[in-house]
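**Q** Below is the structure I would like to discuss, written out as structure tokens.
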Amino acid sequence: MKRTLISITAAMLIGGSLTGCVEGNLNTTSLSALQDAAKAATLTEGDAKAMAAQAAEQMDSQNTVLPASSKYSKRLNHLVAKFRNEDGLALNFKVYDSKEINAFAMSDGTIRVYRGLLDNFSDDEVRFVIGHEIGHVKLGHSLNAMRTAYATSAVRKGVASQGGQAGQLSSSQLGALGEALINAQFSQSQERNSDTYAVSFMKKHGFNPRAGLSVMKKFQQMDGGKGSMLSSHPASTAREDHIASLL
1 MKRTLISITA AMLIGGSLTG CVEGNLNTTS LSALQDAAKA ATLTEGDAKA
51 MAAQAAEQMD SQNTVLPASS KYSKRLNHLV AKFRNEDGLA LNFKVYDSKE
101 INAFAMSDGT IRVYRGLLDN FSDDEVRFVI GHEIGHVKLG HSLNAMRTAY
151 ATSAVRKGVA SQGGQAGQLS SSQLGALGEA LINAQFSQSQ ERNSDTYAVS
201 FMKKHGFNPR AGLSVMKKFQ QMDGGKGSML SSHPASTARE DHIASLL
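Quick note: the sequence shown, position 227, residue 227 per UniProt numbering, numbers continuous.
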């Protein structure tokens, strides 16, 4: 996905709706949508972190978060004990009680792992997946995804809310933003670069980087359903070969 192109397209869509409004009535909501689109194009890392924190809080409220006493939470806490502060990120971890094979990281250090991932992956495979997600954050992919998702929310606001009230993102908008970030489609080069980051991450902490190969094999064997890592991070023999070349 060419995120810059998408952001520009979103801004153009809003520009088109603005032209129509000039011929009729231009209300404050439409102006707010245009301002949101402009802001999306220049969204800073600080802005993205603040919005990610809000979106993560909303996602936590929409999902069942397993308590610290859960065997899944205990296992995850054990797995990540060596890297709670990683590459400038203060990481915070929680487990969602869902059978989905999924995990995601946000630019504020939020990392959420789904029960399904822990059920189907070994310790080092889970660590590789987490390292890959951290890579998306550190390499700027997540910031671009945030810009795109924010622009999309502006388009939705400008088209769907005539007479709505301008203001901060609502709970529903934050939830939609979180979903968009979780399901963000990354380009082949971004996936490749995050795989490279994950291999270095594994070596740095003394974990087995070959876990990346087994992760790819499992991904290729599983059916990638909507909302899972398999739909947004498709595995391929090319990715597997790239990981193998780094070992």
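Here a beta-carbon is modelled for each residue, glycine too, at the ideal position from N, C-alpha and C. As the structure is a prediction and not an experimental result, all values here were calculated from the model.
If you check the beta carbons only, do I134 and L89 fall under 8 Å apart?
**A** Position 134 of the sequence shown holds residue 134. Position 89 of the sequence shown holds residue 89. Yes, they are a contact pair.
**Q** With a cut-off of 8 Å on the beta carbons, I'd call D108 and N208 a contact; round off their distance for me.
**A** If you number the sequence shown from 1, residue 108 lands on position 108. If you number the sequence shown from 1, residue 208 lands on position 208. D108 to N208, Cβ: 29 Å. No contact.
**Q** Out of H78, M202, V65, which one is the CA nearest neighbour of F128?
**A** As a first step, residue 128 must be located in the sequence shown, where it is residue number 128. Of H78, M202, V65, the residue nearest in Cα terms is M202.
**Q** With H, G and I counted as helix, E and B as strand and the rest as coil, what does DSSP make of A103?
**A** As a position in the sequence shown, residue 103 is number 103, starting the count at 1. Strand.
**Q** Can you give me the C-alpha to C-alpha distance between T64 and D97, rounded to a whole angstrom?
**A** Here the question's residue 64 lines up with position 64 in the sequence shown. Here the question's residue 97 lines up with position 97 in the sequence shown. One C-alpha to the other measures close to 5 Å.
**Q** For F219, list the residues DSSP reports as bridge partners.
**A** Position 219 of the sequence shown, counting from 1, holds the residue named residue 219. According to DSSP, which records beta bridges pairwise, F219 is partnered with nothing at all.
**Q** Quick check: the Cα distance between S245 and L79, rounded to an integer number of angstroms?
**A** For the purposes of this step, residue 245 is taken as residue 245 along the sequence shown, with counting starting at 1. For the purposes of this step, residue 79 is taken as residue 79 along the sequence shown, with counting starting at 1. Roughly 26 Å separates the two Cα atoms.
**Q** DSSP on F207, reduced to helix/strand/coil?
**A** Looking up residue 207 in the sequence shown gives position 207. Looking at F207 - three-state DSSP - the assignment turns out to be coil, as it is neither helix nor strand.
**Q** Can you tell me whether F186 is helix, strand or coil according to DSSP?
**A** Locating residue 186 in the sequence shown gives position 186, where the first residue counts as 1. Correct three-state label for F186: coil.
**Q** Could you work out which residue in V137, A105, R147, N92 is closest to D47 when comparing CA atoms only?
**A** Looking up residue 47 in the sequence shown gives position 47. Selected option, being the one with the closest Cα: R147.
**Q** Please tell me whether S200 and H141 are closer than 8 Å, where the distance is taken between their beta carbons.
**A** Numbered from 1 along the sequence shown, position 200 holds the residue referred to as residue 200. Numbered from 1 along the sequence shown, position 141 holds the residue referred to as residue 141. Not in contact: S200 and H141 (Cβ atoms no closer than 8 Å).
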